[in-house]
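Student:
Numbering (my numbering), first residue to last: 1 to 335.
Written as structure tokens, this is what we have:
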């Protein structure tokens, strides 16, 4: 079962349920957001999937056509974007350290075989050794970053914009976990979505301490939200199209079989902080990737289209790349 949010030609929002054929999605009656559905499920003390099964609505809608017209929204949002927090973890996937390790070594080192381990490789090895603890226990901490609030989330089909000061705008194909904090301050997972975490890898390559600067930019996830459990082995493809042709394409993998951390460990280390358990808040947490076009020497250009697809997600996530015009240096004056 998957959910999507969309707008009709008049701008009115509605929610779709996709169970098999995305061209025959079921439109739910009298509800305009997944957030409202989740709140109803909490209030009635019923599972989200069970609530959707009994929710009225028989009209059929072609979600593929809506995607083509740019009318699909992110599959989860919050009425107040400040109460949606976007975060993520890195070095979580088998193979994810290789590109980062190369990025953070000196480019002129002739023989790197005898060089000390980079911090990235040390972090990755810690994950291999202790990233999948027994239930109820903390494993090793992953790399973690804060990305922004709901204002940075771009809808499927909407442009991912490089700030004028960015040195690069590159895709990061990932799975994101989507959560709502209940009235008791407990995180409740609504589901999972495909995500493009989108980063400035040139800035990150300059120094790993620039990681935060490389992350403070737009992102996208969706178009569908998987209500069921995430398969342990997710197989997908990440590609870049330029002028309609495929410029670059590569498989990407996710799911716990392909990770050095369990999802439970990544979730535990995020929600262990009290400020992330504020009732009513929504969280979007990116779980990391091992596949980047940047690692293959690709530099995306404005107008290129990022495309990410993977089973079991019913629709691909597509976003063009754009760049903002140059702006003046911010000037702060006394009040």
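C-beta atoms are modelled at their ideal positions from N, C-alpha and C, and glycine is treated no differently.
Mind checking whether residue 173 and residue 238 have CB atoms under 7 Å apart?
Tutor: In the chain shown, residue 173 corresponds to position 173, counting from 1. In the chain shown, residue 238 corresponds to position 238, counting from 1. Yes, the pair counts as a contact, with Cβ atoms nearer than the cut-off.
Student: Indicate the three-state DSSP secondary structure (helix, strand or coil) for residue 283 in the structure shown.
Tutor: Within the chain shown, residue 283 is the residue found at index 283, counting from 1. Residue 283 falls in the strand class under three-state DSSP.
Student: Less than 7 Å separating the beta-carbons of residue 56 and residue 150?
Tutor: Looking up residue 56 in the chain shown gives position 56. Looking up residue 150 in the chain shown gives position 150. No, the pair does not count as a contact, with Cβ atoms beyond the cut-off.
Student: Under a three-way DSSP split, which group does residue 40 fall into?
Tutor: Translated into the one-based positions of the chain shown, residue 40 becomes position 40. Three-state result, residue 40: helix.
Student: Would you call residue 188 buried or exposed, if buried means 16 or more other Cβ atoms sit within 10 Å of its Cβ?
Tutor: In the chain shown, counting from the first residue as 1, residue 188 sits at position 188. Under this definition residue 188 is an exposed residue.
Student: Take the Cβ of residue 60 as the centre, count every other Cβ of all protein chains shown within 10 Å, and call the residue buried at 16 or more, exposed below.
Tutor: Taking the chain shown and counting its residues from 1, the one referred to as residue 60 is at position 60. Classification of residue 60: exposed, given that the 10 Å Cβ count is below 16.
Student: Does the separation of the CB atoms of residue 66 and residue 73 fall below 7 Å?
Tutor: Working through the chain shown from its first residue, we reach residue 66 at position 66. Working through the chain shown from its first residue, we reach residue 73 at position 73. Not a contact, by the Cβ cut-off of 7 Å.
Student: Spatial neighbours of residue 304 within its chain, please: C-beta separation below 8 Å, excluding the five flanking residues on both sides.
Tutor: In the chain shown, the residue the question calls residue 304 occupies position 304. Excluding residues within five positions, the ones whose Cβ falls inside 8 Å are 240, 241, 242, 247, 320 and 321.
Student: Residue 261 and residue 92: beta carbons closer than 7 Å?
Tutor: Here residue 261 is taken as the residue at index 261 of the chain shown, counted from 1. Here residue 92 is taken as the residue at index 92 of the chain shown, counted from 1. Going by C-beta atoms, residue 261 is nearer than 7 Å to residue 92.
Student: Apply the 10 Å Cβ neighbour rule to residue 332 and answer buried if 16 or more other Cβ atoms are within range, or exposed otherwise.
Tutor: Translated into positions along the chain shown, residue 332 becomes position 332. Residue 332 should be labelled exposed.
Student: Output yes or no for whether 7 Å exceeds the beta carbon distance between residue 88 and residue 286.
Tutor: On the chain shown, residue 88 is found 88 positions in, with the first residue counted as 1. On the chain shown, residue 286 is found 286 positions in, with the first residue counted as 1. Taking 7 Å as the Cβ cut-off, residue 88 and residue 286 qualify as a contacting pair.
Student: Under a three-way DSSP split, which group does residue 328 fall into?
Tutor: Sequence index remark: in the chain shown, residue 328 carries index 328 (1-based). Correct three-state label for residue 328: coil.
Student: What distance in whole Å lies between the Cβ atoms of residue 313 and residue 224, which are believed to be in contact at a cut-off of 8 Å?
Tutor: Reading the chain shown from its first residue, position 224 is the one you call residue 224. Reading the chain shown from its first residue, position 313 is the one you call residue 313. About 6 Å separates the two Cβ atoms, so the contact holds.
Student: Quick test of your reading: residue 23 and residue 62, contact by CB under 8 Å. State the CB separation rounded to the nearest angstrom.
Tutor: Taking the first residue of the chain shown as 1, we reach residue 23 at position 23. Taking the first residue of the chain shown as 1, we reach residue 62 at position 62. With 8 Å as the limit, residue 23 and residue 62 qualify as a contact, their Cβ atoms being about 5 Å apart.
Student: Closest to residue 226 by C-alpha separation, out of 51, 297, 177 and 122, would be which residue?
Tutor: Taking the first residue of the chain shown as position 1, residue 226 is located at position 226. Residue 177 is the option with its Cα nearest to residue 226.
Student: In whole angstroms, what separates the C-alpha of residue 278 from that of residue 44?
Tutor: Against the chain shown, residue 278 aligns to sequence position 278. Against the chain shown, residue 44 aligns to sequence position 44. So the alpha carbons of these two residues sit roughly 20 Å apart.
Student: Can you give me the start and stop residues for the beta strand (DSSP E) that residue 254 sits inside?
Tutor: As a first step, residue 254 must be located in the chain shown, where it is residue number 254. Unbroken beta strand (DSSP E) run through residue 254: 245-254.
Student: Quick check on residue 46: buried or exposed, where buried means 16 or more other Cβ atoms within 10 Å of its Cβ?
Tutor: Numbered from its first residue, the chain shown carries residue 46 at position 46. Per the 10 Å Cβ criterion, exposed.
Student: CA-CA distance, residue 215 and residue 25?
Tutor: In the chain shown, the residue the question calls residue 215 occupies position 215. In the chain shown, the residue the question calls residue 25 occupies position 25. Going by the C-alpha atoms only, they are around 34 Å apart.
Student: Let me know the secondary structure DSSP gives residue 238 once reduced to three states.
Tutor: Here residue 238 corresponds to residue number 238 of the chain shown, with the count starting at 1. Strand at residue 238.
Student: Below 7 Å between beta carbons: does that hold for residue 282 and residue 180?
Tutor: As a first step, residue 282 is located in the chain shown; it is residue number 282 there, counting from the start. As a first step, residue 180 is located in the chain shown; it is residue number 180 there, counting from the start. Cβ atoms of residue 282 and residue 180: closer than 7 Å.
Student: Could you please give the first and the last residue of the uninterrupted alpha helix (DSSP H) stretch that includes residue 120?
Tutor: Counting from one through the chain shown, the residue named residue 120 turns up at place 120. Segment 119-130, the alpha helix (DSSP H) holding residue 120.
Student: Whether or not the segment 161-172 and the segment 197-209 are in contact is what I'm after, with contact meaning three or more pairs of Cβ atoms, one per stretch, closer than 8 Å; do they touch?
Tutor: yes
Student: With 16 as the cutoff for other CB atoms within 10 Å, does residue 254 come out buried or exposed?
Tutor: In the chain shown, residue 254 corresponds to position 254, counting from 1. Residue 254 should be labelled buried.
Student: Out of 329, 211, 52 and 144, point me to the one whose CA is closest to residue 273's CA.
Tutor: Residue 273 sits at position 273 when you count from the first residue of the chain shown. Ranking 329, 211, 52 and 144 by Cα distance to residue 273 puts 144 first.
Student: Quick one, which of 138, 120, 31 and 14 has its alpha-carbon nearest residue 209's?
Tutor: Numbered from 1 along the chain shown, position 209 holds the residue referred to as residue 209. The shortest Cα separation from residue 209 among 138, 120, 31 and 14 belongs to 120.
Student: For residue 42, which residues from the same chain have a beta carbon less than 6 Å from its beta carbon, with the 5 sequence-adjacent residues on both sides left out?
Tutor: Translated into positions along the chain shown, residue 42 becomes position 42. If we look at residue 42 and ignore the five residues flanking it on each side, its Cβ neighbours are 182.
Student: By how many angstroms is the C-alpha of residue 257 removed from the C-alpha of residue 336?
Tutor: Residue 336 is absent from the model: the chain starts at 1 and stops at 335.
Student: Whose CA, out of 138, 194 and 33, lies closest to the CA of residue 268?
Tutor: Translated into the one-based positions of the chain shown, residue 268 becomes position 268. Among 138, 194 and 33, the Cα nearest to that of residue 268 belongs to 138.
Student: Under the rule that 16 or more other beta-carbon atoms within 10 Å means buried, what is residue 329, buried or exposed?
Tutor: Start at 1 with the first residue of the chain shown, and residue 329 comes out as number 329. Result: exposed.
Student: Give me the Cα-Cα distance between residue 204 and residue 15, rounded to the nearest whole angstrom.
Tutor: Position 204 of the chain shown, counted from the start, is the residue given in the question as residue 204. Position 15 of the chain shown, counted from the start, is the residue given in the question as residue 15. Going by the C-alpha atoms only, they are around 38 Å apart.
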